[in-house]
Amino acid sequence: MKLDPEGYEEKLLLIYCHFESSLHLLLQQSTLNSSLDLVVSKDLGDLKMFL
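In case it helps, the working numbering puts the sequence shown at residues 488 to 538.
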């Protein structure tokens with residue numbers, strides 16, 4: 488992080504945007520049907536733990 492703080496910040500923002508997109512997708516899927524997509528759920532959980 489000390490060598491490239493801008494690159495680290497860009498990467499973190501990219502991961503956060505991916506998290507928000509996955510959350511939005513999960514919420515949309517939950518309104519369409521009662522079963523959740525396990526791939527999206529796992530991805531969201533992994534991103535949550537990272538952040």
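Ideal Cβ positions, reconstructed from N, Cα and C, are used throughout, including at glycine.
Item                                                                                                                 : Value
Other residues of its chain near residue 532: CB distance less than 7 Å, five sequence neighbours each side excluded : none
Status (buried if at least 16 other CB within 10 Å, exposed otherwise) for residue 528                               : exposed
Straight-line gap, residue 513 to residue 499 (C-alpha atoms, nearest Å)                                             : 21 Å
DSSP three-state assignment for residue 525, whether helix, strand or coil                                           : helix
Length of the line joining the Cα atoms of residue 524 and residue 506                                               : 15 Å
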